[in-house]
Structure formats: structure tokens, C-alpha cells
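Numbering (the working numbering), first residue to last: 10 to 456. Beta carbons: idealized from backbone N, C-alpha and C, even for Gly. Keep in mind that this is a model prediction, so the values were computed, not measured. Report on the following structure.
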């Protein structure tokens, strides 16, 4: 494959653009479409689109000429068009709507750094994207050209990471890290690689989809200097997988960069098991592993994209067993309020006893699996890995219950609520010695 194939499809209004400009990612950024006049040159706008584009305070609109050229101008419901051209649905409020639905700001110890999980962080490095998804989780900050992160912010982020040895995995996102100036991107990657305890660097980017011209040989040469480095792209519909995207992914994989895909379940765009099956098949053909299928977040402006959670479970039911296991993404709800990603899957275990479990497969075939009659439980107290486990207090969660150290997890304020001063069962006087964040007493301590 060669970059000369970057002329495969163009909207009529770009027919006279020289090949050199079309294949220049800076030209793509400089000539994005964002107004009623721009879009009317591509296709007649609907009344709903015109209303949205004329509304004050709307989330930023910008679409690269390349990505706009993938839109079928004769279809008002084209799945690519609906992802990037606003409609009046964005203006309507809905139940549960939030500005920061994932509570990222609450988990931010320094500007632009989100530390939600014990061993990994999200590092926001820009507020800019090549194009803007209408369901953007971070629309509260993304797209504002006056709200960029400064070098002072980057240094604060890096300083926090240097002082936090439990962090082994850093995800660069934003905005889109691949829209950064090449020199700045390389400087950030170099600074991260200088921190000894950071093992993995990940990049989340939709640039290969919105603007594959950015994936140059020079970019790949830069990225491969910082292995192990992983990259997740964001494809929602089979129509987004073009020759240009295939070439970009080929360059990245040849540079030794493992590729994954994160997609969002969107009403009227990809809420169909047959669309999803074609999507994952096309992805694995270009060596991209389907990673996550997200339930659409409760973010402002995205209500018209939301589906019931049952739709996502239905889609996974139609993928598991019907296609290769590595082509089935994990369906997750990113919990409102900052609970993190919660996997939601069909139930394949029907029942269980003390000696067998009853299972079903994707066809409805039901079988039994005999449990072992003799099993010596793993001894966590004498396991060197268990004794040396790292992590912040209170984040062991359900795993802490399973390893035998804890008896229960209590919501915040549970003791105060139930300590009403009467009854036979009272809190012990030494309750202040209990483990932090509501983790319960060890088994050998009884009330």
C-alpha cells in the first residue's frame, strides 16, 4: 500500500484540490467545514441540522474534508453524517443529563490528569480534535481553542506521575493527542519514558479515522521509539473503514504498535447486530482488535444517541459464538458519577451447586461442568505475589472480599446512619481501627 491511494474518494467540492494538499494533514485541519454555507455545498441541510448549526453556544463543529467526503450526500440519515453534523436533538435536555458524567474533574489531582484507577491514569494533553463527535463525553472542555493545556500544566502532570509509583500505565487523550505539534508530542512521550515505573504508554485517537493523512512515516518512526506503546482508535460504523484508514493502520502495525478499537453504541447509527458484526470483521481484517463497545454516556447534548442497555447486551449475544472471540468487544457502561467502566454481558451461567455449574452457549445448548471434588484453595497469606501487592487502601473492592481478608464493603456514612444509640448490637469502641474507606473487619475479629 502506498500513500498515493489517498485520492480514492472526495466530495465534488474538493475535486480540484491538488493531491499534495489533500494528503497534507495540516491542509485537512486548516480547511475543515463548520458552517451552514460549508455544509450546503456538500448536501442540502435538513431543518433540524440548520436549526442546530444556527444555535448559540452549541458544542464546536469542525469536519475534515476527508471525513466529510465519506458522507453519502443523498442520505440525511447517513451514519457518518449523524456523528458529526449536529441536529436539534442536541438542544433537548433528558433525564439524568450531566456535564461531567464520569466525574473526571473530581478524580483530577492536578489539571488535566485523571487518576480514577489504582495503577493507571488518564493524561489530557489537548482540548482539540480533528473533527468533533456530537456525543463527546468531554464536550465541557473539548473544542475550546482558548482552553489549551500549558507547559506548566504538563509539568504538574509529570511531577505527579514521578511522585506516584503505583502508576504503571498512562493513557494520553484529550482532545486528540495526534493533533499536537509533532515536537510537543515527542517531548511528552520522552518525559513519560524517563519515569522508571511507567511501563505502558497508550494513546487514544480518532485522527486515523478523521484524518488518516496524519499517520505519516515520520509519525510512526517517532512513536516506535517509545515502546511499549499502544494505540486505540475509534470506529463506530463499517463505512468509516476506508482504504485510507487501512493504509494508516498498516503503517502503525508495521511500526510495532498494537491497535485496538473503542466504539460507542449510538441509536440509529450502529445499534444493529449485523452492522456491529460487519464492523468487527472489517476491523480485524485491518489488524485492529475490537476492545470496548461503550454505552453512550449521560453527557449533555447526547440524549438522542442513547439506547437501552439491553440493546448492547443483545448485540454481544449476536457476536459471541457467531464470530471469532478476538472480534468480540467488551460492552461497558462507564458508570455515572465516576464508578469507572462496568462490563455488562449476557448471562451464560444458568445455575450452580456445590459440585457443578450449568452453562449455556450462544446456540442455547445447555451443559454441565463438574467442579473439582478436591481443591486446595490458594493461600494468599503465603503467596509472595499477594503479600507484595500494591495499590491504594480501600481500592481492593470485591477482590478484597474474595481473598479472605475482608468481610464486607460499606457505603460512606453507613456507620453513622445505623448507629442510632439503641438495640443489642452496637459498634465496637475500636471501630476507628477498621480499614479505610469502609472495608470490613477480618474474619477473626467478631463483634
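With 16 or more other Cβ atoms inside 10 Å of its own Cβ, residue 255 counts as buried.
For the pair residue 52 and residue 376, the Cα-to-Cα distance works out to about 55 Å.
Rounded to the nearest whole angstrom, the C-alpha separation of residue 368 and residue 289 is 26 Å. Pairing residue 353 with residue 338, the inter-Cα distance amounts to about 11 Å.
With respect to the 7 Å criterion, residue 178 and residue 147 are not classified as neighbours on the basis of their beta carbons.
Spatial neighbours of residue 81 in its own chain (CB-CB distance under 6 Å, excluding positions within 5 residues in sequence) are listed in chain order as 87. Take residue 245, set aside five residues on each side of it, and the residues of its chain with a beta-carbon closer than 8 Å to its own are 88, 92, 272, 273, 275, 278, 279 and 288, in chain order.
Between residue 33 and the set 242, 155 and 227, the nearest pair of CA atoms involves 227. Nearest to residue 294 by alpha-carbon distance, out of 411, 317, 281 and 268, is 268. For residue 350, the closest C-alpha among the options 304, 180, 188 and 121 is that of 304. The beta carbon of residue 43 sits closer than 6 Å to those of 70 and 71, all from its chain and outside the five residues before and after it, given in chain order.
The segment 305-325 makes contact with the segment 354-366, as at least three CB pairs between them are under 8 Å.
Pairwise C-beta distances place the segment 300-318 in contact with the segment 93-106, as three or more of them are shorter than 8 Å. In this model, residue 132 and residue 330 are separated by some 36 Å (Cα to Cα).
Residue 270 carries a strand assignment under DSSP once its states are collapsed to helix, strand and coil. According to DSSP, residue 360 shares a beta bridge with 367. Here the C-alpha atom of residue 61 lies approximately 46 Å from the C-alpha atom of residue 172. Residue 18 has its alpha-carbon roughly 30 Å from the corresponding atom of residue 233. Under the criterion of beta carbons closer than 8 Å, residue 215 and residue 185 qualify as touching, at roughly 6 Å.
Residue 349: member of the beta strand (DSSP E) spanning 349-352, first to last residue. Annotation for residue 210: the continuous beta strand (DSSP E) segment containing it runs 209-213. For the set 119, 284 and 332, the Cα lying nearest the Cα of residue 248 is the one of 284. Annotated three-state conformation of residue 178 is strand, per DSSP. The DSSP-derived three-state label of residue 418 is strand. Beta-carbon to beta-carbon, residue 135 and residue 158 are separated by about 7 Å, close enough to satisfy the 8 Å threshold. Burial state of residue 386 is exposed, judged by a 10 Å Cβ sphere holding fewer than 16 other Cβ atoms. Under the DSSP assignment, residue 375 falls in the beta strand (DSSP E) whose first and last residues are 375-379. The continuous beta strand (DSSP E) containing residue 342 extends over residues 339-344. Taking 7 Å as the cut-off, the beta carbon of residue 74 is found no closer than this to the beta carbon of residue 49. Contact check for residue 299 against residue 336 passes: the beta carbons are separated by less than 7 Å. Taking a C-beta distance under 7 Å as the contact criterion, residue 195 and residue 231 qualify as a contact pair. Taking a 10 Å sphere around the C-beta of residue 183, we find 16 or more other C-beta atoms and assign the residue as buried. Secondary structure note for residue 241: it is in no alpha helix (DSSP H), and the uninterrupted beta strand (DSSP E) holding it is 238-242. With at least 16 other beta carbons inside 10 angstroms of its own, residue 68 counts as buried.
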